[in-house]
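Engineer: The UniProt record's numbering puts the first residue of the sequence shown at 1, with every later residue one more than the last.
We put the beta carbon where it would ideally sit given N, CA and C, even for glycine.
Could you have a look at this structure, given as structure tokens, before my questions?
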Amino acid sequence: MATLSMTWTLPSPTSSRLPRVNRYRGMAFASLNKEVISLGVQVTEGLGNLPKVILKSDHGSEAELYLFGGCVTSWKVSSKDLLFVRPDAVFNGQKPISGGIPHCFPQFGPGPIQQHGFGRNMNWSIINSENVEGNPVITLELKDGPYSRSMWDFGFQALYKVALDKKSLSTELVITNTDKKAFSFTTALHTYFSASVAGASVKGLKGCKTLNKDPDPKNPVKGTEERDVVTFPGFVDCVYLEAPNELYLDNALGDIISVKNTNWSDTVLWNPHLTMEACYKDFVCVENAKIGDVQLEPQQSWTATQQLSVA
């Protein structure tokens, strides 16, 4: 097992400049021109000149993630991308990346601060990289700063580990309260999957209590899911409370994707239908979420994992 620990710090969200020299243990990286920081892990310049991490498994799978937002934007198995990035996504370091697996932290949905919080709109840092039996693993970190404290005045640390295997992509999110006072948060992984929406479906949600945000997102309708197979016949925005820890997405493109988790208690299904006419037919969102408040006392942590895998 090859391991490399490092810290790679980026500019503030309001800056468009990239660091041309990055240092690790006294070593200088002169540019972001495909710097290899561990076996199967490269940092390069992505769209909009934003730093992008490329993960390559010895088994042939690949993934990409941007340090802006800590956002995984691609997961390829047998050269087929199972994630989706919207055509209207911007890569300018100002607005969140619309697609892949964006973070919703410390707020899911609307609320006192900006929509879905600030985790998807800040620069994360690389703090560790390793290779385990041919599979790359990288750990990112996000900490509070003036930008986050202007909205949410708490000290915190978020660690996000991403591991690529032959047919799976796994993540682990650890939120730690580094403040001297307690705080609460909600969170989600807003995962966009490539799909043919007309035939896409999700199994495993029958019997769950639901909060249906169609037609009024501010006044969701309570109910119970009675279908064995949930489809996307039109606009869909529904929260499934206390969902099972494994669901199955048929993307109608020839893949059955297992969406497995620990400690993500809820699931959200979303497709914007005609409100996003340019691309709604090409994706569905199946999101692991924590809708209820997570309460953390000083120095306490909360951990949740997700594993996406395809047969």
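Put residue 49 into one of helix, strand or coil per three-state DSSP.
Structural biologist: In the sequence shown, counting from the first residue as 1, residue 49 sits at position 49. Residue 49: helix per DSSP, three-state reduction.
Engineer: Between the stretch 140-153 and the stretch 291-298, do at least 3 Cβ pairs fall closer than 8 angstroms?
Structural biologist: With a cut-off of 8 angstroms, the stretch 291-298 and the stretch 140-153 do not count as touching, because too few Cβ pairs lie within range.
Engineer: Let me know the beta strand (DSSP E) ranges lying completely inside the stretch 46-102, each 3 residues or longer, listed in chain order.
Structural biologist: Complete beta strand (DSSP E) runs here, min 3: 51-56, 62-66 and 71-77.
Engineer: How is residue 178 classed by DSSP in three states: helix, strand or coil?
Structural biologist: If you number the sequence shown from 1, residue 178 lands on position 178. Coil, per DSSP.
Engineer: Can you confirm whether the stretch 35-48 touches the stretch 170-188 when touching is taken to mean that 3 or more C-beta pairs between the two stretches lie within less than 8 angstroms?
Structural biologist: Counting Cβ pairs under 8 angstroms, fewer than three are found: no touch.
Engineer: What residue range is occupied by the uninterrupted alpha helix (DSSP H) comprising residue 136?
Structural biologist: By 1-based counting over the sequence shown, the position of residue 136 is 136. Residue 136 -> not in any alpha helix (DSSP H); beta strand (DSSP E) instead, spanning 135-143.
Engineer: What residues match up with residue 260 in a beta bridge as DSSP calls it?
Structural biologist: Reading the sequence shown from its first residue, position 260 is the one you call residue 260. Bridge partners of residue 260: 246 and 307.
Engineer: Please go through the same chain and pick out, in chain order, the residues whose beta-carbon is closer than 6 angstroms to the beta-carbon of residue 175, but skip the five residues on each side of it.
Structural biologist: As a first step, residue 175 is located in the sequence shown; it is residue number 175 there, counting from the start. Closer than 6 angstroms at Cβ, skipping near neighbours: 158 and 302.
Engineer: Pull up the distance between the alpha-carbon of residue 307 and that of residue 189, whole angstroms please.
Structural biologist: As a position in the sequence shown, residue 307 is number 307, starting the count at 1. As a position in the sequence shown, residue 189 is number 189, starting the count at 1. Approximately 12 angstroms, taken between the alpha carbons.
Engineer: For my contact list, residue 177 and residue 299 are in at a C-beta cut-off of 8 angstroms; report their separation, rounded to the angstrom.
Structural biologist: Your numbering for residue 177 matches position 177 in the sequence shown. Your numbering for residue 299 matches position 299 in the sequence shown. Going by Cβ atoms, the distance from residue 177 to residue 299 rounds to 6 angstroms, so yes, they are a contact pair.
Engineer: Would you tell me roughly how many angstroms separate the C-alpha atoms of residue 55 and residue 246, rounded to the nearest one?
Structural biologist: Taking the first residue of the sequence shown as position 1, residue 55 is located at position 55. Taking the first residue of the sequence shown as position 1, residue 246 is located at position 246. Rounded to whole angstroms, residue 55 to residue 246 spans 25 angstroms at the Cα level.
Engineer: I'd like the span of the alpha helix (DSSP H) that includes residue 201, first residue to last.
Structural biologist: Residue 201 sits at position 201 when you count from the first residue of the sequence shown. No alpha helix (DSSP H) holds residue 201; the beta strand (DSSP E) holding it covers 201-203.
Engineer: Taking buried to mean at least 16 other C-beta atoms within 10 Å of its own C-beta, is residue 120 buried or exposed?
Structural biologist: Along the sequence shown, one-based indexing puts residue 120 at 120. Under this definition residue 120 is a buried residue.
Engineer: Using the C-alpha atoms, what's the distance from residue 237 back to residue 212?
Structural biologist: As a first step, residue 212 is located in the sequence shown; it is residue number 212 there, counting from the start. As a first step, residue 237 is located in the sequence shown; it is residue number 237 there, counting from the start. If I take the Cα positions, the gap works out to 6 angstroms.
Engineer: How many Å lie between residue 126 and residue 69 at the Cα?
Structural biologist: By 1-based counting over the sequence shown, the position of residue 126 is 126. By 1-based counting over the sequence shown, the position of residue 69 is 69. Each residue's Cα considered, the two are about 12 angstroms apart.
Engineer: What is the DSSP secondary structure of residue 213, reduced to helix, strand or coil?
Structural biologist: Counting from 1 along the sequence shown, the entry for residue 213 is found at position 213. The answer is coil: DSSP assigns residue 213 none of H, G, I, E or B.
Engineer: Should residue 98 go down as buried or exposed, given a rule of 16 or more other Cβ atoms within 10 Å for buried?
Structural biologist: As a first step, residue 98 must be located in the sequence shown, where it is residue number 98. Under this definition residue 98 is a buried residue.
Engineer: Taking the alpha carbon of residue 77 as the point to measure from, which residue in 64, 60 and 89 has its own alpha carbon closest?
Structural biologist: Mapped onto the sequence shown, residue 77 falls at position 77. For residue 77, the nearest C-alpha among the options comes from 60.
Engineer: Does the separation of the CB atoms of residue 82 and residue 230 fall below 8 angstroms?
Structural biologist: Residue 82 sits at position 82 when you count from the first residue of the sequence shown. Residue 230 sits at position 230 when you count from the first residue of the sequence shown. Cβ atoms of residue 82 and residue 230: not closer than 8 angstroms.
Engineer: What are the boundary residues of the alpha helix (DSSP H) that residue 148 is part of?
Structural biologist: Locating residue 148 in the sequence shown gives position 148, where the first residue counts as 1. Element bounds for residue 148: 146-149.
Engineer: Under three-state DSSP, which class holds residue 27?
Structural biologist: For this step, residue 27 is matched to residue 27 along the sequence shown. Per-residue confidence for residue 27 stands at a pLDDT of 27, beneath the threshold of 50, marking its modelled position as unreliable; the derived number appears in the next sentence. If DSSP states are grouped into helix, strand and coil, residue 27 belongs with the strands.
Engineer: If I follow the unbroken beta strand (DSSP E) through residue 288, where does it start and stop?
Structural biologist: Position 288 of the sequence shown, counting from 1, holds the residue named residue 288. From DSSP, the beta strand (DSSP E) with residue 288 extends over 283-296.
Engineer: With DSSP collapsed to three states, give me the class of residue 187.
Structural biologist: Translated into the one-based positions of the sequence shown, residue 187 becomes position 187. Reduced to three states, the DSSP call for residue 187 is strand.
Engineer: Inspect the CB distances between the stretch 183-197 and the stretch 219-226 and report whether three or more fall short of 8 angstroms.
Structural biologist: Result no; under three Cβ-Cβ pairs closer than 8 angstroms.
Engineer: Quick one: residues in its chain with C-beta nearer than 7 angstroms to the C-beta of residue 2, no 5 flanking neighbours on either side, listed in chain order?
Structural biologist: Mapped onto the sequence shown, residue 2 falls at position 2. Model confidence at residue 2 stands at a pLDDT of 44, short of 50, so the residue's coordinates are unreliable and nothing is read from them.
Engineer: What's the C-alpha gap between residue 87 and residue 277?
Structural biologist: Against the sequence shown, residue 87 aligns to sequence position 87. Against the sequence shown, residue 277 aligns to sequence position 277. Their backbone Cα atoms lie some 11 angstroms apart in a straight line.
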